[in-house]
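There are 2 protein chains.
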Amino acid sequence: MFAGKKVLITGGLGFIGSNMARRLVEMGADVLVVDSLIPEYGGNLFNVEGIRGAIQVNISDVRDAHSFRYLVQGRDYLFNLAGQTSHMDSMLDPFTDLEINCRSQLSILEVCREYNPSIRIVFASTRQIYGKPDYLPVDEKHLLRPVDVNGVNKMAGEWFHILYNNVYGLPACALRLGNTYGPRMRIKDARQTFLGVWIRLLLEGRPFEVWEGSQLRDFTFVDDAVEAFLLAASCGGASGRAFNLGGDGPISLKELAEALVEVAGGGEYIERPFPADRKRIDIGDYYANDDCIRQALGWRPRVGLREGLSRTLEYYRENLARYL
Amino acid sequence: MFAGKKVLITGGLGFIGSNMARRLVEMGADVLVVDSLIPEYGGNLFNVEGIRGAIQVNISDVRDAHSFRYLVQGRDYLFNLAGQTSHMDSMLDPFTDLEINCRSQLSILEVCREYNPSIRIVFASTRQIYGKPDYLPVDEKHLLRPVDVNGVNKMAGEWFHILYNNVYGLPACALRLGNTYGPRMRIKDARQTFLGVWIRLLLEGRPFEVWEGSQLRDFTFVDDAVEAFLLAASCGGASGRAFNLGGDGPISLKELAEALVEVAGGGEYIERPFPADRKRIDIGDYYANDDCIRQALGWRPRVGLREGLSRTLEYYRENLARYL
Chain G
1381 MFAGKKVLIT GGLGFIGSNM ARRLVEMGAD VLVVDSLIPE YGGNLFNVEG IRGAIQVNIS
1441 DVRDAHSFRY LVQGRDYLFN LAGQTSHMDS MLDPFTDLEI NCRSQLSILE VCREYNPSIR
1501 IVFASTRQIY GKPDYLPVDE KHLLRPVDVN GVNKMAGEWF HILYNNVYGL PACALRLGNT
1561 YGPRMRIKDA RQTFLGVWIR LLLEGRPFEV WEGSQLRDFT FVDDAVEAFL LAASCGGASG
1621 RAFNLGGDGP ISLKELAEAL VEVAGGGEYI ERPFPADRKR IDIGDYYAND DCIRQALGWR
1681 PRVGLREGLS RTLEYYRENL ARYL
Chain S
1381 MFAGKKVLIT GGLGFIGSNM ARRLVEMGAD VLVVDSLIPE YGGNLFNVEG IRGAIQVNIS
1441 DVRDAHSFRY LVQGRDYLFN LAGQTSHMDS MLDPFTDLEI NCRSQLSILE VCREYNPSIR
1501 IVFASTRQIY GKPDYLPVDE KHLLRPVDVN GVNKMAGEWF HILYNNVYGL PACALRLGNT
1561 YGPRMRIKDA RQTFLGVWIR LLLEGRPFEV WEGSQLRDFT FVDDAVEAFL LAASCGGASG
1621 RAFNLGGDGP ISLKELAEAL VEVAGGGEYI ERPFPADRKR IDIGDYYAND DCIRQALGWR
1681 PRVGLREGLS RTLEYYRENL ARYL
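From first to last, the protein sequence lines are chains G and S.
For the first sequence, this note's numbering gives the first residue as 1381, with consecutive numbering after it.
For the second sequence, this note's numbering gives the first residue as 1381, with consecutive numbering after it.
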């Protein structure tokens, strides 16, 4: 499907983007990854170690519309994953979040419309835009009621994609990602996912903190997330739609911590309540109903939680130093 | 309620803002209106003719965060009405729409949070954020699925207000306005409402164009809209909520044209299909379920359509030249 195809991945040195680049190289695609390598974000050149010679790497920021005018030309697919992902950072510096997650999305779409209107686009959206769920599991009919600046900007970014599909026929769709985890995620801190910092602390022999252990979440292993992006790009029926991605079923954070310690063969954690500044932007329990993508694209998660945790731990045991 | 209170109105020389300023002056408020007077937008100094000495007028743009740092200080209420309102302009120049309707809203809220966190804010949102309705009448449980850039940016602007209320306790709410009409609306063209340009052409003795005459809409007379803003600002229970505003019940555009001609005592119109560029961002039939604001705030529209049209025509018969 992707053999010989020209693919552009924004955020391509980041967690999901780099796993996608690896998969696409296996499939014989011509892969161009674009990343800003901002230290607080997910980009890491080590993420493309081993495929460095098989891909093109271009360092530029999505806020730089000039470079995108050139970069999108001639590409068949755009996996649009670059973003500011930290909820806390979006509250402390709301304008940077707006520039990246909202304004730059409009700017990328305008550039595609002008320079490559047939490029197929899949946008990495987030379950954060739902806010605090009214009901569980959350399906795509749930109202969008974001609880942080990141959520408002991602909601706008997603809708620019849907809009440009509907009005201009630019083939675009969005995946509303939940908690994605796996090799190459940011583990230095909790900016990308709290599970990253748990794993780092565990491997360093330090206790990790579990906030509100009763809270429910579901977890998608990164290979499954990558598969969803590839399916969404391949299927014309996806255009103009936004799909939830779920995982291996809901699990409480305390159960997740237990599973992690068990799979790791050791480790300690401390339970504590949410810090006040995080509590006020917390969404409570969340897990997804992903029937829509299962039915429309035949996607389903294939990697169970324990297997995923095991593969993740194995990766960071070998490569911890490259992520600190 | 508003006697002696310090009120700031953004877009205060515009259609709804200037009618609000007049009402607040009657009630004894200390009114500061802020407006950019951009010629394509709704601001018009003639709108405050007769109350010019009773209010303060400050010309500045919501994109200018510097002036707002000063202007919000010491104010009890902020009626936040400044905006780019043209759906078509938002498609032709999406970044200007984003700067005004999205980024500047965040910037105003940040300024309020820092310099006046107890100011009570009511934001002028729009039914445009619902997009093409799934069902009629549209209530606040309807998904937001904007069909133009203006809708995406207004959706984000509205949610920044709700968010700052919920996270920072900045008391803010939003009114989702439908088709508002009345004295002081822009009639030079259809940028604010098509009814404006109908009235202009009718008074100039020229035929006006009715596109898709079977389409249903409801219409709110400006005095009723102003009343809703004042109630929303007065009632603590409104904080964090977004309310639909309806009107005198649904009516087809052709029936509206007939009513206008009848009330005016003459006039001609031509029926034609939508132009292609407008058709693709059209939302089809729309009318609001406004039970929420009726129940929460005791609001109801008081001015019927014929009375409203009559008062509007009377105003423009006297003042047409000031609006061309």
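Cβ atoms here follow ideal geometry from the backbone N, Cα and C, with glycine treated the same way.
Being a predicted model, the structure only gives us computed values, none of them experimental.
Residue-chain proximity (residue i, chain G), Cβ-Cβ < 7 Å
i: Cys1526(S); result: Cys is not the amino acid found at residue 1526(S); the sequence shown has Pro there. At least one chain G Cβ lies under 7 Å of Pro1526(S).
i: Val1532(S); result: yes
i: Leu1689(S); result: no
i: Arg1449(S); result: no
i: Ala1536(S); result: yes
i: Pro1517(S); result: no
i: Pro1474(S); result: yes
i: Trp1539(S); result: yes
i: Leu1404(S); result: no
i: Leu1550(S); result: no
i: Val1547(S); result: yes
i: Leu1478(S); result: yes
Any C-beta of chain S under 7 Å from that of residue i
i: Met1640(G); result: The sequence given here places Leu at residue 1640(G); Met does not occur at that position. It does not; no Cβ of chain S falls within 7 Å.
i: Arg1483(G); result: yes
i: Val1414(G); result: no
i: Leu1555(G); result: no
i: Trp1578(G); result: no
i: Arg1660(G); result: yes
i: Val1491(G); result: no
i: Val1442(G); result: no
i: Leu1393(G); result: no
i: Leu1388(G); result: no
i: Leu1636(G); result: no
i: Leu1486(G); result: yes
Cα-Cα separation, residue i to residue j
i: Ser1440(S); j: His1541(G); result: 32 Å
i: Ala1637(S); j: Tyr1649(S); result: 7 Å
i: Ile1488(G); j: Pro1526(S); result: 19 Å
i: Ile1431(G); j: Leu1472(S); result: 42 Å
i: Arg1556(S); j: Arg1660(G); result: 26 Å
i: Glu1698(G); j: Lys1386(G); result: 32 Å
i: Phe1588(G); j: Ala1608(S); result: 51 Å
i: Leu1523(G); j: Glu1429(S); result: 43 Å
i: Tyr1696(S); j: Asn1427(S); result: 12 Å
i: Met1381(G); j: Met1407(G); result: 8 Å
i: Ala1639(G); j: Gln1508(G); result: 25 Å
i: Asp1456(S); j: Leu1388(S); result: 8 Å
i: Arg1500(S); j: Asp1670(S); result: 22 Å
i: Ser1484(S); j: Gln1436(S); result: 22 Å
i: Cys1492(S); j: Asp1444(S); result: 14 Å
i: Leu1685(S); j: Thr1692(S); result: 10 Å
i: Phe1654(S); j: Gly1664(S); result: 11 Å
i: Arg1682(G); j: Thr1465(G); result: 25 Å
i: Cys1482(S); j: Ala1552(G); result: 22 Å
i: Trp1679(G); j: Gly1433(G); result: 31 Å
Residue i - containing alpha helix (DSSP H), residue span
i: Val1428(S); result: Counting along the chain, Val1428(S) falls outside any alpha helix (DSSP H), and DSSP gives it neither H nor E.
i: Asn1399(G); result: Phe1395 to Glu1406
i: Ala1639(G); result: Leu1633 to Ala1644
i: Asn1624(S); result: No alpha helix (DSSP H) contains Asn1624(S), which is instead part of the beta strand (DSSP E) from Ala1622 to Asn1624.
i: Leu1458(S); result: That residue, Leu1458(S), is in no alpha helix (DSSP H); its beta strand (DSSP E) goes Tyr1457 to Asn1460.
i: Asp1657(G); result: Ala1656 to Lys1659
i: Pro1474(G); result: Pro1474 to Leu1478
i: Ile1488(S); result: Ser1484 to Tyr1495
i: Arg1691(G); result: Leu1685 to Asn1699
Reduced DSSP secondary structure (H/G/I, E/B, other) of residue i
i: Gln1436(S); result: strand
i: Leu1524(G); result: coil
i: Tyr1667(S); result: coil
i: Val1529(G); result: helix
i: Trp1679(S); result: coil
i: Leu1596(G); result: strand
i: Asp1514(S); result: coil
N- and C-terminal bounds of the beta strand (DSSP E) containing residue i
i: His1501(G); result: A small correction: the amino acid at residue 1501(G) is Ile; His does not occupy that position in the sequence shown. Counting along the chain, the beta strand (DSSP E) containing Ile1501(G) begins and ends at Arg1500 to Thr1506.
i: Phe1609(S); result: Taken as a continuous stretch (DSSP letters only), Phe1609(S) belongs to no beta strand (DSSP E), being part of the alpha helix (DSSP H) at Val1602 to Ser1614.
i: Lys1325(S); result: Absent from the structure is residue 1325(S), since the part of chain S shown begins at 1381 and ends at 1704.
i: Tyr1649(S); result: Tyr1649 to Arg1652
i: Val1706(G); result: In the structure as shown, chain G starts at 1381 and stops at 1704, and residue 1706(G) therefore has no counterpart that could be examined.
i: Val1413(G); result: Asp1410 to Asp1415
query: Going along the chain, which unbroken runs of the beta strand (DSSP E) with 3 or more residues stay wholly within the region 1543 to 1589 of chain S?
result: 1552 to 1557 and 1559 to 1561
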